[in-house]
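K.L.:
This is the structure, below, for whatever I ask next.
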Amino acid sequence: MNIEFRPVREEEVDDFIRAESRGFGCNATDAYLAHGNRLIEADRTLAAFEGKRLVGTSTSHTLKMTVPGGAAVPTGGIAWVTVQPTHRRRGINTGMMVQQLHRIHERGEPLAALWPSESAIYGRFGYEMAAFGERWTVERQRSALTHSPEEQGQTFFVDSWEARGIFPDVYQRVFSVRSGMVTRNDAAWDDELSGTPQGRSVAEMFYVVYELDGRVDGYVKYRIDRSQSRLIIFELVTATDEAHAALWKFCMGVDLLDTVEGNNRPVDDPLLWMLADPQRLRRESQDALWLRLVDAPVVLAQRRYAKEGKLVIEIQDSICPWNNGRFQLDGGPDGAQCRSTPASADLSLSVADLASGYLGATGYSALQRASRIQEHSVGAIKLMDEMFATDLKPWCAHDF
Numbered sequence: 004m005n006i007e008f009r010p011v012r013e014e015e016v017d018d019f020i021r022a023e024s025r026g027f028g029c030n031a032t033d034a035y036l037a038h039g040n041r042l043i044e045a046d047r048t049l050a051a052f053e054g055k056r057l058v059g060t061s062t063s064h065t066l067k068m069t070v071p072g073g074a075a076v077p078t079g080g081i082a083w084v085t086v087q088p089t090h091r092r093r094g095i096n097t098g099m100m101v102q103q104l105h106r107i108h109e110r111g112e113p114l115a116a117l118w119p120s121e122s123a124i125y126g127r128f129g130y131e132m133a134a135f136g137e138r139w140t141v142e143r144q145r146s147a148l149t150h151s152p153e154e155q156g157q158t159f160f161v162d163s164w165e166a167r168g169i170f171p172d173v174y175q176r177v178f179s180v181r182s183g184m185v186t187r188n189d190a191a192w193d194d195e196l197s198g199t200p201q202g203r204s205v206a207e208m209f210y211v212v213y214e215l216d217g218r219v220d221g222y223v224k225y226r227i228d229r230s231q232s233r234l235i236i237f238e239l240v241t242a243t244d245e246a247h248a249a250l251w252k253f254c255m256g257v258d259l260l261d262t263v264e265g266n267n268r269p270v271d272d273p274l275l276w277m278l279a280d281p282q283r284l285r286r287e288s289q290d291a292l293w294l295r296l297v298d299a300p301v302v303l304a305q306r307r308y309a310k311e312g313k314l315v316i317e318i319q320d321s322i323c324p325w326n327n328g329r330f331q332l333d334g335g336p337d338g339a340q341c342r343s344t345p346a347s348a349d350l351s352l353s354v355a356d357l358a359s360g361y362l363g364a365t366g367y368s369a370l371q372r373a374s375r376i377q378e379h380s381v382g383a384i385k386l387m388d389e390m391f392a393t394d395l396k397p398w399c400a401h402d403f
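Each residue of the sequence shown is one higher than the last, beginning at 4 in our numbering.
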């Protein structure tokens, strides 16, 4: 039977959520159905149907992403991607991913992004690792900080309803300066702050803020797992160095625990340099955000560059044909232009490899050493590294 790809109707959203849950080997609980109904925009879903049977799921959230220089670029946030185990190896995922990219382009969103469940899946669709996160474990008894800003403010607990009115402002301040951050709409915030217990030994979520002169400069949300004597940080977002240090001190000062775990920490988080015994910080690097340049010349013109420069870049893209060709990039700290050109290319690369360094996560010279970029003009890769460099490494605090 033929496969039909289309958005789900409002009355099909629960079936969509159940199918997605089955795709990950779970049954959708009432709480998970409520979670899905809060977040899913039915008209942005793309599901696969065999007759009336829903056999594949995907959606794209309406987002904006901060890129170097501070521009907030419209982005399709790909999520809820599954194929039913009964229908694997039939090209369903490929059909959904390709059509999603074309639909995102039609909406005028020049970027797409996702958090992959399996990293081997998405490279063939032009996505590549573009922001990393680290999972940290700190032995609490060996977590003294010897270098940190002096604290002038105070930390205190808030309830979830108070957090709902406080956290978005802090998040927005970080969003405006950190590449890779994406917007959170009201529905996502409601969902983010509706934490429920995960078993008897794990308490409900706690919310703590750091305030100075009447303004909250940072927050942390965490749980306590008494069964494993650990504090688990789910999100720690700070707009100042002082708030960052104060909230880490708070977390590592909670009594009757052995370890503090931090999920999805920025790779350039300065905590390592604040610890008296940095060997007690165990770090596990993880690929976090994968990026897709849906309209490459548009997004190249929307970011700013650390150094003035001009490059002719030849892009290869097997899915979005409008990206194929040679484009002249003229960019610097004050802005950029990117336009099609008949000139000879300084370098050639795939749209996925271009995405990997777009936010500043890695230098293109590393990709050249991995035989993923061809340099045609001597010094082109060096100039590209200098232009695309960023002061802060990209980070995406929101796993959508």
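Built from N, CA and C at the ideal position, the CB exists for glycine as well.
#1: Residue 256 and residue 242 look like a contact to me (Cβ under 8 Å); what is the Cβ gap, rounded to whole Å?
#2: Taking three-plus beta-carbon pairs below 8 Å as touching, is the stretch 301-308 in contact with the stretch 277-288?
#3: What residue from 7, 42, 91 and 68 has the CA that sits closest to residue 178's CA?
#4: Just list the residues that DSSP pairs residue 15 with in beta bridges.
#5: Around the C-beta of residue 331, are 16 or more other C-beta atoms found within 10 angstroms, so that it is buried, or is it exposed?
#6: So, are the CB atoms of residue 363 and residue 388 less than 7 Å apart?
#7: Excluding five sequence neighbours on each side, which residues of the same chain lie with their C-beta closer than 6 Å to the C-beta of residue 403?
#8: Compare the beta carbon distance of residue 174 and residue 295 with 7 Å and say whether it is the shorter of the two.
#9: Residue 219 and residue 250 - do their beta-carbons sit closer together than 7 Å?
#10: Cutting at 8 Å between CB atoms, please list the residues of its own chain near residue 3, excluding the five before and the five after it.
#11: If you follow the alpha helix (DSSP H) that residue 194 is in, where does it begin and where does it stop?
#12: Determine the DSSP secondary structure at residue 40, reduced to helix, strand or coil.
#13: Assign residue 143 to one of two classes, buried (16 or more other C-beta atoms within 10 Å of its C-beta) or exposed (fewer than that).
#14: Once you ignore the five residues that flank residue 310 on each side, which residues in its own chain have a CB closer than 6 Å to its CB?
#15: Measure the alpha-carbon distance for residue 43 versus residue 307 and round it to whole angstroms.
#16: Whole angstroms is fine: what's the gap from residue 236's alpha carbon to residue 329's?
#17: Considering only their Cβ atoms, is the gap separating residue 349 from residue 315 smaller than 7 Å?
#18: By DSSP, does residue 77 sit in helix, in strand, or in coil?
#19: Determine the burial state of residue 239: buried for a count of at least 16 other Cβ atoms within 10 Å of its Cβ, exposed for fewer.
#20: Would the stretch 146-160 and the stretch 112-121 be scored as touching if the rule is three or more Cβ pairs under 8 Å?
#21: Which residue or residues does DSSP assign as beta-bridge partners of residue 341?
#22: In whole angstroms, what is the alpha-carbon distance linking residue 192 and residue 26?
#23: My output table needs one value for residue 368: the three-state DSSP class, helix, strand or coil.
#24: According to DSSP, what are the bridge partners of residue 316?
#25: Kindly confirm or deny that the stretch 11-25 and the stretch 36-53 touch, where touching means at least three C-beta pairs closer than 8 Å.
#26: How many whole angstroms separate the CB atoms of residue 208 and residue 233, which I take to be in contact at a CB cut-off of 8 Å?
#27: Taking Cβ positions, are residue 57 and residue 33 nearer each other than 7 Å?
P.N.:
The short version:
#1: The count along the sequence shown starts at 1 and reaches residue 256 at position 253. The count along the sequence shown starts at 1 and reaches residue 242 at position 239. Contact doesn't hold; Cβ gap of about 22 Å is too wide.
#2: No, because fewer than three Cβ pairs between the stretch 301-308 and the stretch 277-288 fall closer than 8 Å, the two stretches do not touch.
#3: Residue mapping note: residue 178 aligns to position 175 of the sequence shown, counting from 1. Across the set 7, 42, 91 and 68, the C-alpha of 68 shows the shortest separation from the C-alpha of residue 178.
#4: Along the sequence shown, read from residue 1 onward, the residue named residue 15 stands at position 12. Within the DSSP bridge table, the entry for residue 15 names no partner.
#5: On the sequence shown, residue 331 is found 328 positions in, with the first residue counted as 1. Answer is buried; the Cβ neighbour count reaches 16.
#6: Residue mapping note: residue 363 aligns to position 360 of the sequence shown, counting from 1. Residue mapping note: residue 388 aligns to position 385 of the sequence shown, counting from 1. In this structure, residue 388 does not lie closer than 7 Å to residue 363 by Cβ.
#7: Counting from one through the sequence shown, the residue named residue 403 turns up at place 400. Apart from the 5 residues on each side of it in sequence, residue 403 sits with its Cβ closer than 6 Å to the Cβ of 64, 80 and 82 in its chain, given in chain order.
#8: If you number the sequence shown from 1, residue 174 lands on position 171. If you number the sequence shown from 1, residue 295 lands on position 292. Inclusion of residue 174 and residue 295 in the CB contact set at 7 Å is not warranted, their separation being larger than that value.
#9: Start at 1 with the first residue of the sequence shown, and residue 250 comes out as number 247. Start at 1 with the first residue of the sequence shown, and residue 219 comes out as number 216. Not in contact: residue 250 and residue 219 (Cβ atoms no closer than 7 Å).
#10: The question about residue 3 has no answer here: the residues shown for the chain are numbered 4 through 403.
#11: Indexing the sequence shown from 1 puts residue 194 at position 191. That run of the alpha helix (DSSP H) goes 189-195.
#12: Stepping through the sequence shown from its first residue, residue 40 is reached at position 37. DSSP, read as helix, strand or coil, puts residue 40 in helix.
#13: Taking the first residue of the sequence shown as 1, we reach residue 143 at position 140. Residue burial annotation: residue 143 is buried, with at least 16 other C-beta atoms found within 10 angstroms of its C-beta.
#14: Taking the sequence shown and counting its residues from 1, the one referred to as residue 310 is at position 307. Once the five neighbours on either side are set aside, the close Cβ partners of residue 310 are 389 and 390.
#15: Walking along the sequence shown from the start, residue 43 turns up at place 40. Walking along the sequence shown from the start, residue 307 turns up at place 304. Their backbone Cα atoms lie some 33 Å apart in a straight line.
#16: Along the sequence shown, read from residue 1 onward, the residue named residue 236 stands at position 233. Along the sequence shown, read from residue 1 onward, the residue named residue 329 stands at position 326. C-alpha separation (whole angstroms): 45 Å.
#17: Taking the first residue of the sequence shown as 1, we reach residue 315 at position 312. Taking the first residue of the sequence shown as 1, we reach residue 349 at position 346. With contacts defined as CB atoms closer than 7 Å, residue 315 and residue 349 qualify as a contacting pair.
#18: Counting from 1 along the sequence shown, the entry for residue 77 is found at position 74. Looking at residue 77 - three-state DSSP - the assignment turns out to be strand.
#19: If you number the sequence shown from 1, residue 239 lands on position 236. Residue 239 sits buried, since 16 or more C-beta atoms from the chains shown fall within 10 Å of its C-beta.
#20: Touching, no.
#21: Locating residue 341 in the sequence shown gives position 338, counting from the first residue. DSSP output for residue 341 lists 332 as bridge partner(s).
#22: Here the question's residue 192 lines up with position 189 in the sequence shown. Here the question's residue 26 lines up with position 23 in the sequence shown. One alpha carbon belongs to residue 192, the other to residue 26, and they sit about 26 Å apart.
#23: Here the question's residue 368 lines up with position 365 in the sequence shown. The three-state reading of DSSP puts residue 368 in helix, counting H, G and I together.
#24: Counted from its first residue, the sequence shown places residue 316 at position 313. Answer by DSSP bridge pairing, in chain order: 330 and 350.
#25: With the cut-off at 8 Å, the stretch 11-25 and the stretch 36-53 touch.
#26: Here residue 208 corresponds to residue number 205 of the sequence shown, with the count starting at 1. Here residue 233 corresponds to residue number 230 of the sequence shown, with the count starting at 1. About 15 Å separates the two Cβ atoms, so there is no contact after all.
#27: The count along the sequence shown starts at 1 and reaches residue 57 at position 54. The count along the sequence shown starts at 1 and reaches residue 33 at position 30. Going by C-beta atoms, residue 57 is not nearer than 7 Å to residue 33.
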